[in-house]
Amino acid sequence: MDTGDLSCSYQDRSLDPVGTRPRLDSMSSVEEDDYDTLTDIESDKNVIRTKQYLYVADLARKDKRVLRKKYQIYFWNIATIAVFYALPVVQLVITYQTVVNVTGNQDICYYNFLCAHPLGNLSAFNNILSNLGYILLGLLFLLIILQREINHNRALLRNDLYALECGIPKHFGLFYAMGTALMMEGLLSACYHVCPNYTNFQFDTSFMYMIAGLCMLKLYQKRHPDINASAYSAYACLAIVIFFSVVGVVFGKGNTAFWIVFSVIHIIATLLLSIQLYYMGRWKLDSGVGRRILHVLYTDCIRQCSGPLYTDRMVLLVMGNIINWSLAAYGLIMRPNDFASYLLAIGICNLLLYFAFYIIMKLRSGERIKLIPLLCIICTSVVWGFALFFFFQGLSTWQKTPAESREHNRDCILLDFFDDHDIWHFLSSIAMFGSFLVLLTLDDDLDTVQRDKIYVF
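This is how it looks when you write it as structure tokens:
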């Protein structure tokens, strides 16, 4: 074909609009709609949450008003739980105290008789009064959170760019729940000390489980605001913990079958939670989960084709599994009589592990800890040390007979009115308040940092 024929063929070609031509007649080999613009990378959860390096902006995409309502439910739920839990507890311990007063049987309640100051019908008013610190400091924490929320809302109304686009997203619902839990811990601890004994001890620890769980949720929420657990699922899990606490108190003493069942459930729950955290919720519990687990173990561990995609997350979860499996083995072998304290130890160990991991990763990411949270960490650690010293003095113990328990009784050491356990109440309330302040102020150094530059870990 010569040049003239070529030009003629071009002139004979239809000049219809591009959009109406058949694809084969297009002048361009690639149309605009042939391009994959990869919009899913901006919207698909499976793409966003499985990136190797995540930033807070990736997990802070939901509407702030929706998240605010979601996290406020934590406060309203715990307030409702507190009312329905506390009222029968108050009624029960008053009944115990009435029985002691009417029958004169001093073996029902395990007091420190050498420092038990009665008031009215109460046999040991000093042990009740010393719990006032939890209530007052819990109320103070709620006021601090209220002031912070007011300041933040004012900044949003001014369209302050730092409040809108910088720092860890501010959600205060969990903080309100933590303050309420601290106040309820004081109330229920006071109820326990109306008549301290084995069956009442679960009242003293129930909101301790709540506090430990809420603190872990708050740490996780800081960098994962969009994917944190809902209030309903979180409190349902805590309800299961309290259920096991009750069952352990009633049936756990020396019951091998109970300890086997509990240890198996503990290990399975640890594994499932580990998978959930590692994959940011992007996995399915279905019939193929076993095959997928074996495939990952084969390729990563046996063939060593690849290492874990999220190394830091894997380190935390491996350490967590080692600790929890060790605690499960200890419980199964030793079968401690004080099941409520054993269960609380599991919660505290996991909280401390996660808190240490958070601080280490924060420093590894090039962030810093400002002076106020650093002072809170140091002072709180010191106060916790002194508090635990007084806690382990053991002025009375319902793990022994009433006569053996009285051998541990000691005189008052403060104002001729308060004993060692009262000092524990004072110091532990201060330490818990300090721990809450650490959580509140730990990431203040990021308030001027863009969220797309803050690492998720």
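Once you know that position 374 of the sequence shown is 374 in full-length UniProt numbering, the rest is easy, because the numbers rise by one and skip nothing.
Beta carbons: idealized from backbone N, C-alpha and C, even for Gly.
Boundaries of the alpha helix (DSSP H) around residue 354: 339 to 364.
Bounds of the alpha helix (DSSP H) holding residue 81 are 64 to 103. Under the three-state reduction of DSSP, residue 55 is assigned to strand. Look at residue 166 here: in three-state DSSP terms it is strand.
Between residue 211 and the set 453, 344, 365, the nearest pair of CA atoms involves 344. Residues of the same chain with a CB within less than 6 Å of the CB of residue 206, apart from the 5 flanking positions on each side, are 242 in chain order. Taking all protein chains shown into account, residue 431 has 16 or more neighbouring C-beta atoms within 10 Å of its C-beta and is therefore buried. In this structure residue 142 touches residue 179 by the C-beta definition: roughly 4 Å separates them, less than 8 Å. In terms of Cβ geometry, residue 216 and residue 185 do not form a close pair [threshold 8 Å].
Each of 334, 117, 410 was checked against the Cα of residue 194, and the nearest Cα belongs to 117. For residue 373, the enclosing alpha helix (DSSP H) has its first and last residue at 371 to 391. Around the beta carbon of residue 385, fewer than 16 other beta carbons sit within 10 angstroms, so the residue counts as exposed. Below 8 Å, enough C-beta pairs join the region 441 to 449 and the region 152 to 171 to call them touching: three or more. In the DSSP assignment, the residues bridged to residue 450 are 166.
The alpha-carbon separation between residue 256 and residue 457 amounts to approximately 39 Å.
Within the same chain, and ignoring the five residues on either side of residue 99 in sequence, the residues whose Cβ sits closer than 7 Å to its Cβ are 108. DSSP places residue 172 outside both helix and strand once states are collapsed to three, so it counts as coil.
A check of alpha carbon separations from residue 162 across 401, 448, 227 identifies 448 as the nearest. Taking the C-beta atoms as reference points, residue 96 is found no nearer than 8 Å to residue 171. For residue 107, there is no enclosing alpha helix (DSSP H), as DSSP marks it with neither H nor E. Counting C-beta pairs with one atom in each stretch, the region 267 to 277 and the region 324 to 340 have three or more that are closer than 8 Å, which means they touch. Put simply, the region 351 to 366 does not touch the region 406 to 421. Fewer than three CB pairs are less than 8 Å apart. Check the Cα spacing between residue 92 and each of 126, 191, 419: the tightest is with 191.
Note: residue 140 is not bridge-paired with any residue in the DSSP secondary-structure output. Counting along the chain, no alpha helix (DSSP H) covers residue 442, and no H or E run does either. Judged by beta-carbon spacing, residue 451 lies beyond the 8 Å limit of residue 74, meaning their Cβ atoms are not closer than that value.
Only residues of its own chain outside the window of five on either side were considered, and among them 399 have a CB closer than 7 Å to the CB of residue 338, listed in chain order. Burial state of residue 419 is buried, judged by a 10 Å Cβ sphere holding 16 or more other Cβ atoms. In this structure, the CA atom of residue 341 is about 47 Å from the CA atom of residue 160. Beyond the five residues adjoining it in sequence on each side, residue 213 comes within less than 6 Å, by CB distance, of 238 in the same chain, given in chain order.
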